[in-house]
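Undergrad:
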Amino acid sequence: MKSSHTGLRRLLEFSPNLGALDGKHVAIKCPEDSGSIFYNYQCFYSIVLMALVDAKYRFVWIDVGNETSDAQLFNSCELKQRLKSEILGVPLPEPLSNDDEDIPYFFVADETFAMTTWPMKPYARRAMAKQERIYNYRLSQARRLVENAFGIPTNRFQCLLSTDHSPTNPFNRQDHGIGKLLLLVT
(Lines of atoms letter the chains of each structure in order from A and count residues from 1; the text may use other names and numbers.)
(Lines give C-alpha, C1' and ligand atoms only; values in the text may rest on other atoms or scores of the structure.)
Protein backbone atom coordinates (compact mmCIF):
# COMPACT_ATOMS: atom_id res chain seq x y z
CA MET A 1 0.00 0.00 0.00
CA LYS A 2 2.88 2.36 0.66
CA SER A 3 4.09 2.31 -2.96
CA SER A 4 0.63 3.41 -4.02
CA HIS A 5 0.93 6.37 -1.64
CA THR A 6 4.33 7.40 -3.00
CA GLY A 7 3.04 7.49 -6.58
CA LEU A 8 0.02 9.56 -5.60
CA ARG A 9 2.13 11.98 -3.58
CA ARG A 10 4.38 12.63 -6.55
CA LEU A 11 1.56 12.77 -9.08
CA LEU A 12 -1.02 14.83 -7.24
CA GLU A 13 0.54 16.58 -4.26
CA PHE A 14 -2.20 14.93 -2.21
CA SER A 15 -0.67 12.98 0.62
CA PRO A 16 -0.66 10.53 2.47
CA ASN A 17 -3.06 8.99 -0.02
CA LEU A 18 -3.56 5.24 -0.52
CA GLY A 19 -5.67 5.57 -3.66
CA ALA A 20 -8.97 6.73 -5.08
CA LEU A 21 -12.25 4.95 -4.28
CA ASP A 22 -15.44 5.08 -6.30
CA GLY A 23 -18.25 2.96 -7.65
CA LYS A 24 -19.64 2.41 -11.13
CA HIS A 25 -23.07 1.10 -12.05
CA VAL A 26 -22.85 -1.65 -14.66
CA ALA A 27 -26.13 -2.35 -16.45
CA ILE A 28 -27.52 -5.87 -16.19
CA LYS A 29 -30.68 -7.67 -17.19
CA CYS A 30 -32.99 -7.89 -14.18
CA PRO A 31 -32.43 -11.29 -12.52
CA GLU A 32 -35.57 -13.38 -12.14
CA ASP A 33 -37.49 -12.93 -8.87
CA SER A 34 -35.21 -10.10 -7.72
CA GLY A 35 -37.88 -7.42 -7.55
CA SER A 36 -36.34 -3.97 -7.30
CA ILE A 37 -33.08 -5.02 -5.61
CA PHE A 38 -30.99 -4.24 -8.69
CA TYR A 39 -32.98 -1.18 -9.81
CA ASN A 40 -30.95 1.99 -9.26
CA TYR A 41 -31.63 5.71 -9.02
CA GLN A 42 -30.61 6.11 -12.68
CA CYS A 43 -33.69 4.04 -13.66
CA PHE A 44 -32.03 0.85 -14.91
CA TYR A 45 -30.98 -2.49 -13.41
CA SER A 46 -27.35 -2.66 -12.39
CA ILE A 47 -24.72 -4.02 -10.12
CA VAL A 48 -22.28 -1.65 -8.45
CA LEU A 49 -18.59 -2.15 -9.06
CA MET A 50 -16.55 -0.55 -6.24
CA ALA A 51 -12.82 -0.09 -6.78
CA LEU A 52 -9.75 1.37 -5.11
CA VAL A 53 -7.23 2.54 -7.73
CA ASP A 54 -3.58 3.52 -7.37
CA ALA A 55 -1.61 6.28 -9.14
CA LYS A 56 -0.95 4.06 -12.18
CA TYR A 57 -4.67 3.33 -12.79
CA ARG A 58 -4.28 -0.17 -11.36
CA PHE A 59 -7.21 -1.69 -9.52
CA VAL A 60 -5.84 -2.45 -6.05
CA TRP A 61 -9.14 -3.68 -4.62
CA ILE A 62 -12.52 -4.51 -6.20
CA ASP A 63 -15.94 -5.48 -4.85
CA VAL A 64 -19.19 -6.12 -6.67
CA GLY A 65 -22.59 -5.70 -5.05
CA ASN A 66 -26.22 -4.98 -5.69
CA GLU A 67 -26.46 -2.06 -3.29
CA THR A 68 -27.92 1.07 -4.78
CA SER A 69 -25.09 3.42 -3.81
CA ASP A 70 -21.33 3.52 -3.40
CA ALA A 71 -21.65 4.24 0.31
CA GLN A 72 -23.96 1.28 0.93
CA LEU A 73 -21.60 -1.08 -0.88
CA PHE A 74 -18.59 0.27 1.00
CA ASN A 75 -20.36 -0.16 4.35
CA SER A 76 -20.88 -3.86 3.66
CA CYS A 77 -17.61 -4.66 1.88
CA GLU A 78 -14.51 -6.54 2.94
CA LEU A 79 -12.26 -3.48 2.55
CA LYS A 80 -14.11 -1.57 5.26
CA GLN A 81 -14.05 -4.58 7.58
CA ARG A 82 -10.30 -4.96 7.07
CA LEU A 83 -9.72 -1.26 7.68
CA LYS A 84 -11.75 -1.41 10.90
CA SER A 85 -9.91 -4.50 12.16
CA GLU A 86 -6.54 -3.01 11.12
CA ILE A 87 -5.46 -6.11 9.17
CA LEU A 88 -5.04 -4.41 5.80
CA GLY A 89 -1.41 -3.40 6.23
CA VAL A 90 -1.97 0.35 6.08
CA PRO A 91 1.25 2.13 7.11
CA LEU A 92 1.33 3.95 10.43
CA PRO A 93 0.59 7.68 10.38
CA GLU A 94 3.58 9.84 9.48
CA PRO A 95 4.27 13.57 9.18
CA LEU A 96 4.00 15.46 5.93
CA SER A 97 7.22 16.82 4.44
CA ASN A 98 6.65 20.32 5.83
CA ASP A 99 5.23 19.38 9.25
CA ASP A 100 5.97 17.23 12.28
CA GLU A 101 2.38 16.18 13.08
CA ASP A 102 1.55 12.57 12.17
CA ILE A 103 -1.18 12.28 9.53
CA PRO A 104 -3.03 8.97 9.02
CA TYR A 105 -3.20 7.38 5.59
CA PHE A 106 -6.48 7.72 3.70
CA PHE A 107 -8.08 7.30 0.31
CA VAL A 108 -9.96 9.93 -1.65
CA ALA A 109 -13.66 9.55 -2.30
CA ASP A 110 -16.70 11.59 -3.20
CA GLU A 111 -19.28 13.16 -0.93
CA THR A 112 -21.47 10.03 -0.77
CA PHE A 113 -19.16 8.37 1.75
CA ALA A 114 -19.56 8.93 5.47
CA MET A 115 -16.71 10.86 7.06
CA THR A 116 -14.43 8.51 8.96
CA THR A 117 -10.65 8.38 9.23
CA TRP A 118 -10.26 6.60 5.85
CA PRO A 119 -12.08 8.46 3.12
CA MET A 120 -11.28 12.09 2.47
CA LYS A 121 -14.17 13.81 0.76
CA PRO A 122 -14.82 17.33 -0.52
CA TYR A 123 -16.04 20.27 1.50
CA ALA A 124 -19.64 21.30 0.87
CA ARG A 125 -19.71 23.80 -1.99
CA ARG A 126 -21.35 26.64 -0.07
CA ALA A 127 -19.23 29.55 1.17
CA MET A 128 -15.82 27.90 0.89
CA ALA A 129 -12.64 29.65 1.93
CA LYS A 130 -9.70 29.72 -0.50
CA GLN A 131 -7.94 26.83 1.31
CA GLU A 132 -11.09 24.71 1.09
CA ARG A 133 -11.40 25.40 -2.66
CA ILE A 134 -7.76 24.36 -3.15
CA TYR A 135 -8.38 21.20 -1.12
CA ASN A 136 -11.49 20.37 -3.19
CA TYR A 137 -9.56 20.96 -6.42
CA ARG A 138 -6.72 18.64 -5.40
CA LEU A 139 -9.17 16.04 -4.14
CA SER A 140 -11.03 16.22 -7.44
CA GLN A 141 -7.76 15.71 -9.35
CA ALA A 142 -6.95 12.68 -7.18
CA ARG A 143 -10.43 11.23 -7.66
CA ARG A 144 -10.06 11.44 -11.44
CA LEU A 145 -7.70 8.48 -11.16
CA VAL A 146 -10.53 6.08 -10.37
CA GLU A 147 -12.87 7.63 -12.93
CA ASN A 148 -10.18 7.31 -15.62
CA ALA A 149 -9.36 3.78 -14.47
CA PHE A 150 -13.01 2.79 -14.98
CA GLY A 151 -12.91 4.48 -18.38
CA ILE A 152 -10.06 2.31 -19.70
CA PRO A 153 -11.92 -1.05 -19.62
CA THR A 154 -15.23 0.68 -20.42
CA ASN A 155 -13.78 1.97 -23.70
CA ARG A 156 -12.20 -1.39 -24.40
CA PHE A 157 -15.30 -3.43 -23.57
CA GLN A 158 -18.31 -1.42 -24.71
CA CYS A 159 -20.69 -3.91 -23.05
CA LEU A 160 -19.80 -2.21 -19.72
CA LEU A 161 -21.71 0.83 -21.03
CA SER A 162 -24.58 -1.07 -22.55
CA THR A 163 -28.04 -1.89 -21.33
CA ASP A 164 -28.02 -4.57 -24.04
CA HIS A 165 -29.87 -7.62 -22.78
CA SER A 166 -28.80 -10.03 -25.50
CA PRO A 167 -27.27 -13.39 -24.56
CA THR A 168 -23.92 -12.21 -25.96
CA ASN A 169 -23.55 -9.53 -23.28
CA PRO A 170 -21.46 -11.26 -20.58
CA PHE A 171 -22.78 -9.00 -17.83
CA ASN A 172 -26.40 -10.06 -17.89
CA ARG A 173 -25.91 -11.94 -14.65
CA GLN A 174 -24.60 -10.97 -11.24
CA ASP A 175 -21.19 -12.47 -10.65
CA HIS A 176 -17.63 -11.41 -10.09
CA GLY A 177 -16.67 -11.69 -13.76
CA ILE A 178 -16.53 -7.91 -14.04
CA GLY A 179 -14.05 -7.63 -11.19
CA LYS A 180 -11.89 -10.36 -12.72
CA LEU A 181 -12.03 -8.57 -16.07
CA LEU A 182 -10.80 -5.32 -14.52
CA LEU A 183 -7.92 -7.07 -12.79
CA LEU A 184 -6.90 -8.68 -16.08
CA VAL A 185 -6.91 -5.51 -18.17
CA THR A 186 -4.94 -3.33 -15.74
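The sequence shown begins at 0 in numbering that gives the first Met the number 0 and counts up by one.
Ideal Cβ placement from N, Cα and C applies to all residues, glycine included.
Note that this is a predicted model, so its numbers are computed, not measured.
(1) With a threshold of 16 other CB atoms inside 10 Å of the CB of F43, please say whether the residue is buried or exposed.
(2) Around the Cβ of L17, are there at least 16 other Cβ atoms within 10 angstroms (buried) or fewer (exposed)?
(3) When the Cβ atoms of the segment 22-34 are set against those of the segment 42-61, are three or more pairs found closer than 8 Å?
(4) Spatial neighbours of Y122 within its chain, please: CB distance less than 6 Å, with the 5 preceding and 5 following residues excluded, ordered by chain position.
(5) Where do the N-terminal and C-terminal ends of the alpha helix (DSSP H) with N74 fall, by residue?
(6) Identify whether N16 lies in helix, strand or coil by the three-state DSSP scheme.
(7) Taking 8 Å as the cut-off, does the segment 83-92 touch the segment 137-144 (at least 3 CB pairs, one atom from each stretch)?
(8) Can you tell me whether DSSP reads I133 as helix, strand or coil?
(9) Below 8 Å on the Cβ atoms is my contact criterion, and I expect L51 with V59 to pass it. Report the Cβ-Cβ distance as a whole number of Å.
(10) Could you tell me if Y40 is buried or exposed, where buried requires 16 or more neighbouring beta carbons within 10 angstroms of its beta carbon?
(11) With distances taken from CA atoms, which of W117, I133, P118 and T116 is nearest R124?
(12) Report buried or exposed for A19, applying the criterion of at least 16 other Cβ atoms within 10 angstroms of its Cβ.
(13) So, at 6 Å on beta carbons, what are the nonlocal neighbours of C76 in its own chain, with the 5 sequence-adjacent residues on each side left out?
(14) Using DSSP with H/G/I as helix, E/B as strand and the rest coil, what is Q173?
(15) Enumerate, from N- to C-terminal direction, the unbroken alpha helix (DSSP H) stretches of 4 or more residues contained entirely within the segment 25-84.
(16) Using the beta-carbon count (16 or more within 10 Å), is D21 buried or exposed?
(17) State the DSSP-derived secondary structure class of F112, mapped to helix, strand or coil.
(18) Tell me which residues share the same chain as L138 and place their Cβ nearer than 6 Å to its Cβ, disregarding the 5 neighbours each side in the sequence.
(19) Going by CA-CA distance only, name the one from A148, N154 and P152 that's closest to Y56.
TA: Put simply:
(1) Position 44 of the sequence shown, counted from the start, is the residue given in the question as residue 43. With fewer than 16 Cβ atoms within 10 Å of its Cβ, F43 is classed as exposed.
(2) Residue mapping note: residue 17 aligns to position 18 of the sequence shown, counting from 1. So L17 counts as buried.
(3) The segment 22-34 vs the segment 42-61: in contact.
(4) What you label residue 122 is simply residue 123 of the sequence shown in a count that begins at 1. Excluding residues within five positions, the ones whose Cβ falls inside 6 Å are E131 and N135.
(5) The residue given as residue 74 occupies position 75 in the sequence shown. Start and end: D69 to N74.
(6) The residue you call residue 16 lines up with position 17 of the sequence shown. N16 falls in the strand class under three-state DSSP.
(7) No, the segment 137-144 does not touch the segment 83-92.
(8) Reading the sequence shown from its first residue, position 134 is the one you call residue 133. It is helical.
(9) Start at 1 with the first residue of the sequence shown, and residue 51 comes out as number 52. Start at 1 with the first residue of the sequence shown, and residue 59 comes out as number 60. Sure, about 5 Å apart at Cβ, within 8 Å.
(10) Counting from one through the sequence shown, the residue named residue 40 turns up at place 41. Exposed.
(11) Indexing the sequence shown from 1 puts residue 124 at position 125. Considering only alpha carbons, the answer is I133.
(12) One-based indexing of the sequence shown puts residue 19 at position 20. A19 comes out buried.
(13) Start at 1 with the first residue of the sequence shown, and residue 76 comes out as number 77. Contacts found: D62.
(14) Against the sequence shown, residue 173 aligns to sequence position 174. Because Q173 sits at a pLDDT of 47, beneath the cut-off of 50, its placement in the model cannot be relied upon, and the point is left open.
(15) 69-74 and 77-84
(16) Within the sequence shown, the letter at position 22 stands for residue 21. The residue in question, D21, is buried, as its Cβ has 16 or more Cβ neighbours within 10 Å.
(17) Reading the sequence shown from its first residue, position 113 is the one you call residue 112. The DSSP-derived three-state label of F112 is coil.
(18) Indexing the sequence shown from 1 puts residue 138 at position 139. Same-chain partners within the cutoff: V107 and P121.
(19) Along the sequence shown, read from residue 1 onward, the residue named residue 56 stands at position 57. Answer by Cα proximity: A148.
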